[in-house]
Amino acid sequence: MKIRLRVWRQAGPNSAGSLETHDLEDVSPDMSFLEMLDVLNERLIEEDREEIAFDHDCREGICGSCSLMIDGRAHGPQHKTTACQLHMRHYSDGDEIVVEPWRVKAFPVVKDLVVDRSSFDRIIRAGGYISVRTGSARDANEAPIRKADSDLAFDAATCIGCGACAAACPNASASLFTAAKISHLALVPQGQAERYDRVRKMVAQMDAEGFGHCTNHNECEAACPKGISVTNIARMNRDFLRAMVVSRDPLRAPDDAGE
Amino acid sequence: MSAGQTRTLTVYDTAIGKKAAVAVTGVVLFGFVIAHMLGNLQVFLGPKALNDYAESLHAVPTVLWAARLVLLGSVAVHITFTVQLVAISNAARPVGYRSKKSLASTYASRTMKLTGPLLLAFVLYHLAHFTWPGLAMGAYSHDPADVYGNVVRGFSVPWVCAIYLVAQILLGLHLYHGAWSLFQTLGLSHPKYDRVRDLAPKLVALGVVLGNLSIPLAVLSRVVR
Ligand code: HEM
Ligand code: FES
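Protein chains in written order, with this note's numbering: chain A, 1 to 259; chain B, 1 to 225.
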């Protein structure tokens with residue numbers, strides 16, 4: 001089938017960008033969206049033109065690398081599906097598709113469709129871990145946990161950190177990501193010791209990165225390829241407000257991103 | 001954490017903290033909106049009921065001024081923090097999308113930052129209309145001792161009622177998203193109550209809109225005169 005792509009091209013972080021139109025003549029319905037971009041890139045290389053830069057790694061929906069805004073929807077039209085798992089059979093002959101990078105200040109464009117998501121890494125680094133002795137793993141069954149809580153923790157832990165939540169959010173807020181990372185540790189016994197420090201540190205870092213604030217539009221949940229629920233955001237808010245009330249040791253306010 | 005020259009994180013440094021203050025003041029304003037409506041609905045009980053009620057509100061000046069201070073303070077906090085929050089979000093996406101679809105947000109949620117300031121404008125108009133008459137467009141002969149008569153005369157002007165109609169729709173939208181959102185903001189969420197939390201904001205917002213609108217409509221249709 002024929003597909004017309006309008007793809008964002010931008011030479012570098014500080015260059016101006018624009019949409020570039022490419023007509024593809026025989027796109028197979030069996031191709032994934034990224035395979036279609038591969039085919040286009042091969043053609044561009046043959047024509048001695050610069051290929052389109054886009055992020056990808058596993059191509060099986062688990063790494064969170066792919067990050068395309070496809071026709072105004074993060075990861076495209078398939079609900080709970082990453083761009084790499086989106087197949088062209090969901091399109092029909094003659095369709096025109098607009099492909100853009102995530103538009104979030106805390107995810108600056110590196111080139112074309114590639115954005116720098118290290119702000120997410122810094123949020124994790126601020127507190128998204130538990131401090132344990134490594135090397136001699138403890139018996140997994142040593143710490144009892146309610147089945148319901150472990151299920152919720154697993155649901156939150158399915159977050160692949162792709163950034164679709166912040167990309168889809170009208171406020172460019174990273175609340176769903178941060179809340180998922182806070183929740184999966186807050187729900188298990190191993191995460192309790194650092195629970196109220198973790199939430200303060202991660203929330204402060206999220207703000208320092210320049211993400212927007214949450215106004216509860218729920219666009220993030222709808223865009224999330226893993227279907228992570230906004231109830232995690234309520235849990236983050238609850239834990240954070242509680243932490244600010246009960247925590248005795250003060251926390252330094254981070255002044256800027258990436259320090 | 002060592003005490004350096006850097007500041008300690010306070011709840012208001014964070015967007016969540018600011019938003020919680022918006023939610024708490026929203027609850028105060030919400031309470032006022034409902035109490036105000038219930039009070040005014042006494043217009044249907046006749047002149048004496050409404051005028052006596054109005055007088056009783058002024059009976060103890062300390063209480064009256066305490067209530068006014070709480071309300072004014074709430075409005076100030078509500079507006080100050082929302083202005084800051086909106087600025088944070090505007091800065092968070094300097095380059096917008098060429099195409100962007102909404103999947104889950106509602107008309108009400110997307111228009112909060114519009115319905116808010118419009119409500120402020122309406123509240124000022126409303127005060128000028130009934131509390132400081134003569135200031136407002138749509139003047140009528142005002143008698144501070146006869147609230148019932150003021151309501152009847154004030155709402156006898158159809159275009160004044162039209163302003164109230166529009167304002168109530170804006171209020172309904174603001175309350176609808178606000179009532180849903182504030183529980184999320186304050187972290188009061190549990191799947192067990194999801195159905196109530198989805199339904200209650202609709203009912204409450206609709207109830208306030210209809211309750212408030214029933215008064216100008218009753219005057220216009222000469223049910224109350
Ligand atoms: C009748 C008076 C008002 C009531 C009852 C009210 C109520 C509320 C409530 C309950 C919220 C939700 C808070 C949350 O999500 O945590 C809210 C949010 C908000 N209010 Fe108001 N409000 C009123 C007046 C105003 C005024 C005068 C303004 C602005 C000048 C305003 C602007 C906003 C904004 C911008 C938000 C945030 C919207 C969002 O999070 O999407 N409100 N309000
Ligand atoms: S490439 Fe790994 S999730 Fe899409």
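For every residue, glycine included, the Cβ atom is placed at its ideal position computed from N, Cα and C.
Here the structure is a predicted model, which means the values were calculated and not measured.
Between the C-alpha atoms of residue i and residue j, what's the straight-line distance to the nearest angstrom?
{"i": "GLY72 (chain A)", "j": "SER102 (chain B)", "result": "8 Å"}
{"i": "ALA53 (chain A)", "j": "VAL110 (chain A)", "result": "9 Å"}
{"i": "LEU29 (chain B)", "j": "SER18 (chain A)", "result": "46 Å"}
{"i": "ALA174 (chain A)", "j": "GLY46 (chain B)", "result": "54 Å"}
{"i": "MET1 (chain A)", "j": "ARG117 (chain A)", "result": "34 Å"}
{"i": "HIS190 (chain B)", "j": "GLY161 (chain A)", "result": "25 Å"}
{"i": "VAL223 (chain B)", "j": "LEU170 (chain B)", "result": "25 Å"}
{"i": "ALA156 (chain A)", "j": "LEU176 (chain A)", "result": "10 Å"}
{"i": "PRO77 (chain A)", "j": "ILE70 (chain A)", "result": "7 Å"}
{"i": "ARG153 (chain B)", "j": "HIS217 (chain A)", "result": "42 Å"}
{"i": "GLU142 (chain A)", "j": "ARG200 (chain A)", "result": "28 Å"}
{"i": "ALA16 (chain A)", "j": "LEU118 (chain B)", "result": "37 Å"}
{"i": "ASN150 (chain B)", "j": "ASP143 (chain B)", "result": "7 Å"}
{"i": "ASP198 (chain B)", "j": "PHE122 (chain B)", "result": "28 Å"}
{"i": "THR115 (chain B)", "j": "LEU175 (chain B)", "result": "10 Å"}
{"i": "SER247 (chain A)", "j": "PRO61 (chain B)", "result": "41 Å"}
Hey, residue i and residue j: beta-carbon distance below 8 Å or not?
{"i": "ARG195 (chain A)", "j": "ASP239 (chain A)", "result": "yes"}
{"i": "THR185 (chain B)", "j": "ALA20 (chain B)", "result": "yes"}
{"i": "ALA15 (chain B)", "j": "LEU120 (chain B)", "result": "no"}
{"i": "LEU64 (chain B)", "j": "LEU72 (chain B)", "result": "no"}
{"i": "GLY127 (chain A)", "j": "ASP207 (chain A)", "result": "no"}
{"i": "GLY210 (chain A)", "j": "LYS105 (chain A)", "result": "yes"}
{"i": "THR178 (chain A)", "j": "ILE228 (chain A)", "result": "no"}
{"i": "VAL27 (chain A)", "j": "LEU68 (chain A)", "result": "no"}
{"i": "PHE33 (chain A)", "j": "LEU113 (chain A)", "result": "no"}
{"i": "ALA167 (chain A)", "j": "ALA74 (chain A)", "result": "yes"}
{"i": "HIS177 (chain B)", "j": "THR106 (chain B)", "result": "yes"}
{"i": "THR25 (chain B)", "j": "VAL83 (chain B)", "result": "no"}
{"i": "VAL33 (chain B)", "j": "VAL208 (chain B)", "result": "yes"}
{"i": "VAL219 (chain B)", "j": "SER141 (chain B)", "result": "no"}
{"i": "VAL70 (chain B)", "j": "ARG103 (chain A)", "result": "no"}
{"i": "PHE120 (chain A)", "j": "GLY163 (chain A)", "result": "yes"}
{"i": "ALA205 (chain B)", "j": "ALA179 (chain B)", "result": "yes"}
{"i": "SER99 (chain B)", "j": "GLY212 (chain A)", "result": "no"}
{"i": "LEU9 (chain B)", "j": "LEU251 (chain A)", "result": "yes"}
Does at least one heavy atom of the ligand FES sit under 7 Å from the Cβ of residue i?
{"i": "ILE52 (chain A)", "result": "no"}
{"i": "CYS159 (chain A)", "result": "no"}
{"i": "SER65 (chain A)", "result": "yes"}
{"i": "THR82 (chain A)", "result": "yes"}
{"i": "ASP57 (chain A)", "result": "yes"}
Residue i: beta carbon under 7 Å from a heavy atom of the ligand HEM?
{"i": "HIS129 (chain B)", "result": "no"}
{"i": "LYS202 (chain B)", "result": "no"}
{"i": "ASN237 (chain A)", "result": "no"}
{"i": "LYS18 (chain B)", "result": "no"}
{"i": "ILE62 (chain A)", "result": "no"}
{"i": "ALA166 (chain A)", "result": "no"}
{"i": "SER156 (chain B)", "result": "no"}
{"i": "PRO117 (chain B)", "result": "yes"}
{"i": "MET112 (chain B)", "result": "yes"}
{"i": "ASN218 (chain A)", "result": "no"}
{"i": "THR185 (chain B)", "result": "yes"}
{"i": "ALA23 (chain B)", "result": "yes"}
{"i": "ILE79 (chain B)", "result": "yes"}
{"i": "GLY212 (chain A)", "result": "no"}
{"i": "VAL33 (chain B)", "result": "yes"}
{"i": "ALA179 (chain B)", "result": "yes"}
Comparing alpha-carbon positions, which option in the options lies nearest residue i?
{"i": "CYS220 (chain A)", "options": "A:ALA208, A:ALA180, A:ALA243", "result": "A:ALA180"}
{"i": "HIS129 (chain B)", "options": "B:TYR107, B:TRP159, B:SER105, B:LEU188", "result": "B:TRP159"}
{"i": "LEU173 (chain B)", "options": "B:ASP52, B:HIS126, B:SER109, B:ILE88", "result": "B:SER109"}
{"i": "ASP13 (chain B)", "options": "A:VAL203, A:GLN10, A:THR215", "result": "A:VAL203"}
{"i": "ASP235 (chain B)", "options": "B:THR115, B:LEU182, B:LEU127, B:GLU55", "result": "In the structure as shown, chain B starts at 1 and stops at 225, and residue 235 (chain B) therefore has no counterpart that could be examined."}
{"i": "GLY187 (chain B)", "options": "B:LEU9, B:SER89, B:ALA23, B:ILE34", "result": "B:ALA23"}
{"i": "ARG4 (chain A)", "options": "A:PHE120, A:MET36, A:PHE107", "result": "A:MET36"}
{"i": "ALA153 (chain A)", "options": "A:ARG138, A:PRO144, A:LEU251, A:LEU185", "result": "A:LEU185"}
{"i": "TYR53 (chain B)", "options": "B:THR62, B:PRO61, B:VAL43", "result": "B:VAL43"}
{"i": "LEU24 (chain A)", "options": "A:ILE97, A:ARG9, A:HIS56, A:ASP57", "result": "A:ILE97"}
{"i": "PRO225 (chain A)", "options": "A:ILE145, A:CYS165, A:ARG235, A:MET236", "result": "A:CYS165"}
{"i": "ASP151 (chain A)", "options": "A:PRO108, A:CYS58, A:SER183, A:MET88", "result": "A:SER183"}
{"i": "PRO144 (chain A)", "options": "A:VAL132, A:LEU40, A:GLY191, A:TYR129", "result": "A:GLY191"}
Which residue or residues does DSSP assign as beta-bridge partners of residue i?
{"i": "TRP8 (chain A)", "result": "A:LEU19"}
{"i": "ARG73 (chain A)", "result": "A:ILE70"}
{"i": "ARG252 (chain A)", "result": "B:THR8"}
{"i": "LEU24 (chain A)", "result": "A:ILE3"}
{"i": "ASP95 (chain A)", "result": "A:ILE3"}
Could you list which residues in chain C have their beta carbon closer than 9 Å to that of residue i, in chain order?
{"i": "LEU186 (chain B)", "result": "You won't find chain C in this structure, because its protein chains are A and B."}
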